[in-house]
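As structure tokens, the structure follows; a few thoughts come after it.
Protein chains: 2
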Amino acid sequence: MAVATRLKIGDVAKQTGVAVGALRYYESLGLLSSERGDNGYRYYSPEAVHQVQFIKKAQALGFSLDDVGDVLNVHQRGDVPCEFVQSLLQDKIQQLETQIQQMTAFKADLEQYRDRWAEAHPRPQPGDICPLIETVPL
Amino acid sequence: MAVATRLKIGDVAKQTGVAVGALRYYESLGLLSSERGDNGYRYYSPEAVHQVQFIKKAQALGFSLDDVGDVLNVHQRGDVPCEFVQSLLQDKIQQLETQIQQMTAFKADLEQYRDRWAEAHPRPQPGDICPLIETVPL
DNA sequence: TTGGACTCTATAGTTGGCTAGAGAGTTTAA
DNA sequence: TTAAACTCTCTAGCCAACTATAGAGTCCAA
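Structure follows, in structure tokens:
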């Protein structure tokens, strides 16, 4: 009993759906830490699961592991001023803002294209051309 | 005179900011086409510039060149029904929609974290800890 | 006409984010 | 106690999307 919360790498892998190899890779990048047992095994706390989920989430949104590292590694106290955390987060938020705007605009482009095209081809005839490239919206 | 609109690969590169090598790479993937002169040089029409810009735009939003190809290559008429164009576009639009939603949610997460953190550290003391990892929002 | 800028093909190398072994030790359930 | 399952390190390989380099031909302006 006692330490009910020592997860082995396989446990973390199962709970997160992330491969064992990937977890070791994250560790090599300093994104994830573990304690080593006498056997040399990595042991994780339950928070590690959350951390991995955070990594996956950020990654799914286009952040590189390096980006994630920028945010996460700041937990090394002392030499790094706390304001730096703020500005990092602010940067990431701003990046998201910009990307969301671009995506929204691009989506509108595609929708406009879809509708314009549908107008021109209300009932596509057999043998009809689909002049996609020439009319691609910009 | 006559053919005022025959761009060489370097011209396209300059106008789009995309490297010559990348343009040749796009061609190898079937995303971009050119005519060959007697000298073996590639010659492009001005629309090629727009096409490259479209590729870059889609790419910046997280679409792979393969995705872009799915959309662009459909211009090969005949065997591909026009409905396919529609469903491709619809897929891409749906993808964007989903991604925009996720990003918006994630941005809210980060903002909440930023604000929560700022509350707890109204005036960071020298030597203060920045317990980023432990409190990362999910 | 010549030399610098441009183009060609082909091959190799790079970065990011992993996966896939090999070979060896460890844990655990029957 | 033993065999399957798990873990370790290390090295190699893979995919995407390029970039870089070599060796050779082409264009064009002075």
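Going down the list, the protein sequences come from chains A and B. Just so you know, the working numbering puts the end of the first sequence at 162, numbered straight through with nothing missing. Just so you know, the working numbering puts the end of the second sequence at 162, numbered straight through with nothing missing. Built from N, CA and C at the ideal position, the CB exists for glycine as well. All values reported here derive from a predicted model rather than from experimental measurement.
**Asked** What separation, rounded to the nearest whole angstrom, lies between the Cα atoms of Val57/A and Leu113/A?
**Response** Residue 57/A is actually Ser in this sequence, not Val. If I take the Cα positions, the gap works out to 22 Å.
**Prompt:** Using a Cβ cut-off of 7 Å, which residues of the region 35-52 of chain A contact any Cβ in chain B, in chain order?
**Reply:** none
**Request:** Excluding the 5 residues preceding and the 5 following Val76/A in the sequence, name in chain order all residues of the same chain whose CB lies nearer than 8 Å to its CB.
**Result:** Val36, Thr40, Val42, Leu47, Tyr50, Leu56
**Asked** Can you round the beta-carbon distance between Thr128/A and Ile124/B to whole angstroms, since I take them to be within the 8 Å contact cut?
**Response** 6 Å
**chain A within 9 Å of Leu31/B, Cβ atoms only** = no
**Asked** Can a CB atom of chain A be found closer than 9 Å to the CB of Leu113/B?
**Response** Judged by the 9 Å Cβ criterion, Leu113/B is in contact with chain A.
**Proximity to Phe130/B [Cα-Cα], best of Lys32/A, Leu96/A, Gly86/A, Glu71/A** = Gly86/A
**Asked** Quick one: which chain A residues come within Cβ less than 7 Å of Lys116/B?
**Response** Leu134
**Asked** Excluding sequence positions up to five away, which residues of its chain have a Cβ less than 8 Å from the Cβ of Lys32/B?
**Response** Tyr65, Arg66, Tyr67, Tyr68
**Prompt:** Looking at the unbroken beta strand (DSSP E) that takes in Tyr67/B, where does it start and where does it end?
**Reply:** Where Tyr67/B is concerned, the enclosing beta strand (DSSP E) stretches over 66-68.
**Prompt:** Which parts of the region 50-89 of chain A are runs of the beta strand (DSSP E), unbroken and 3 residues or longer, counting only runs that do not cross its ends?
**Reply:** 66-68
**Asked** Comparing the C-beta of Gly64/A with each C-beta of chain B, is any distance below 9 Å?
**Response** no
**Request:** In angstroms with no decimal places, state the Cα-to-Cα distance between Gln110/A and Gln118/A.
**Result:** 12 Å
**Asked** Where Leu53/B and Gly93/B are concerned, what is the direct C-alpha to C-alpha distance, given to the nearest angstrom?
**Response** The straight-line gap from Cα to Cα measures roughly 8 Å.
**Prompt:** Which value, in whole angstroms, describes the spacing of the CA atoms of Ala84/B and Asn63/B?
**Reply:** 34 Å
**Asked** Who are the Cβ neighbours of Gly34/B in its own chain at under 7 Å, not counting the five residues just before and after it?
**Response** Val44
**Asked** If we ignore side chains and look at the alpha-carbon of each, how far apart do Glu107/B and Asp91/B end up?
**Response** 17 Å
**Request:** May I have the straight-line CA-CA distance separating Glu71/B from Lys116/A, to the nearest angstrom?
**Result:** Rounded to the nearest angstrom, the gap between the Cα atoms of Glu71/B and Lys116/A is 35 Å.
**Request:** Within its chain, find whatever has a CB closer than 6 Å to the CB of Arg30/A; leave out the 5 residues flanking it on each side and keep chain order.
**Result:** Tyr67
**Request:** List the residues of chain B whose Cβ lies closer than 8 Å to the Cβ of Glu121/A, in chain order.
**Result:** Lys131
**Item:** Closest Cα partner of Ala132/B within the set Ala132/A, Leu120/A, Gln126/A
**Value:** Closest option to Ala132/B, judged by alpha-carbon separation, among Ala132/A, Leu120/A, Gln126/A: Leu120/A.
**Message:** I need the boundaries of the alpha helix (DSSP H) containing Val36/A, first residue and last residue.
**Reply:** 33-40
**Prompt:** Looking at the C-beta of Leu89/B, does it have a partner C-beta in chain A at a distance below 9 Å?
**Reply:** no
**Own chain residues within Cβ distance below 7 Å of Val73/A, not counting five before or after** = Val36, Gln39, Thr40
**Message:** Once DSSP output is grouped into helix, strand and coil, what is the label at Thr29/B?
**Reply:** coil
**Asked** How big is the Cα-Cα spacing for Lys126/B and Lys81/A?
**Response** Inspection of the sequence shows that residue 126/B is occupied by Gln rather than by Lys. Taking C-alpha positions only, Gln126/B is separated from Lys81/A by approximately 9 Å.
**chain A contact residues for Gly86/B, given Cβ-Cβ distances below 7 Å** = Gly86
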